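My numbering puts the first residue of the sequence shown at 15, with every later residue one more than the last. First comes the structure, then the notes that go with it.
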Amino acid sequence: MLVVMRHGATSAEVARVIEIVEEMGYSARPMPGAQRTAVGIVGNDGRVDASRLEALSGVAQVIHVTQPYKQVSREWRPDNTVVTIAPGVAFGGDTTPVIAGPCSVESEQQIVSAAEAVRDAGASALRGGAFKPRSSPYSFQGLGRKGLDLLALAKRETGLPIVTEAMDDDGAHQVAEVADCIQIGARNMQNYSLLKTVGRIGKPVLLKRGMAATIHDLLLSAEYILAEGNTQVILCERGVRSFDTATRNMLDLSAIPTVHLLSHLPIVADPSHGTGLRDKVGPMARAALAAGADGLLIEVHPAPDRALSDGAQSLYPEQFAALMDELRGVAAAIGREVPQHAGTARV
Ligand code: PEP
Ligand code: MN
């Protein structure tokens, strides 16, 4: 439930609402906003008796949130949430940052050269997995802790913030030491213990849609993170399984306007896992931006033919640079901007 305050309600009136909510045995989440101030009520299993709150001075309206995902819903917060993972790298506003890099961190030479290439092309953040959720236990599983150290090195060399995946609770704490944004992969979208852990860690989270998850499931998973007090969640459409084997997954671009309608959280698109094929990445990246994606996640490898994972969908650095030029044009056409990364110097 949500208590919406009148325009110009005083801080004493807001404080009184919080006091009464707590007296009633619930938790209050004050939300000052551009359009209105509201106090969210959490900790209630069922319907809360609104009459006591409606009568308080400064209260305009009490809204029962109809969706099962509450704090994630637009009813809860009409303004877009802008998630800033590093200075100048913000998702959910006018800018559409591009996160790029290899599927996995493989070596110092590979990750530093990938980082330099994507930075020079205008990417805003570096991706690369140190902990890899592979379908086969015999496939490359990632460099683990060593991979995180190499990401930290690439960040020092290029200034790019880091987005990298955590697969379990212990890994999440390790990842949090290095990452500016913790990625939760498709296979772990419903790992509720991990979602609670990253909710408590409090760093920005990139939450990928599970390969057989509905949009409703995705939003409920995000709710686990917000319920722990972390509102810094970026959703990611990365394709769902379909009957068609022509592409690896089916990138669901309609998820972008659907999420924007239902939720205030930003959503980015991953055309690399969404298609699995290098030649499809550019067209779907352009389409995703045109559909309103708040950013993109793109796999780029200095030598895709030698990649230890996802080489077939990884762009060559030159292809990525050409695509970035096109993406700047698409963004401009819809009144948005692909930000240029500022930190080209060593930091
Ligand atoms: C990845 O980003 O490399 C990855 C494993 O993605 P997903 O979880 O979407 O399969
Ligand atoms: Mn990958």
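Glycine included, each C-beta is placed from N, C-alpha and C at the ideal position. Keep in mind the model is a prediction, meaning the values are calculated, not measured.
Taking a C-beta distance under 8 Å as the contact criterion, Ser256 and Cys117 do not qualify as a contact pair. Boundaries of the alpha helix (DSSP H) around Met298: 292-304. Within the model, the alpha-carbon separation for Met225 versus Leu310 is close to 18 Å.
For Asp319, the distance from the CB to the nearest heavy atom of ligand 2 is not below 7 Å. If you look at Gln124, you'll find it in the alpha helix (DSSP H) that goes 122-135. Note on Asp324: 16 or more other CB atoms within 10 angstroms of its CB, so buried under the neighbour-count rule.
Assigned with DSSP and collapsed to three states, Arg43 falls in strand. Remark: three or more beta-carbon pairs, one from each stretch, lie closer than 8 Å, so the segment 191-206 and the segment 146-162 are flagged as touching. Measuring C-alpha to C-alpha distances from Leu275 to each of Pro285, Asn263, Ala305, Ala260 identifies Ala305 as the nearest. Residue environment: Pro331 is assigned as buried (16 or more neighbouring CB atoms within 10 Å of its CB, all protein chains considered). In the pairwise beta carbon analysis, the segment 269-287 is classified as touching the segment 226-242: at least three pairs are separated by under 8 Å. Contact annotation: Val18 and Ala74 have beta-carbon atoms nearer than 8 Å. Closer than 7 Å to some heavy atom of ligand 1: that describes the Cβ of His287. The residues Gly72, in chain order, have a CB closer than 7 Å to that of Thr24 in the same chain once the five nearest residues on each side in sequence are set aside.
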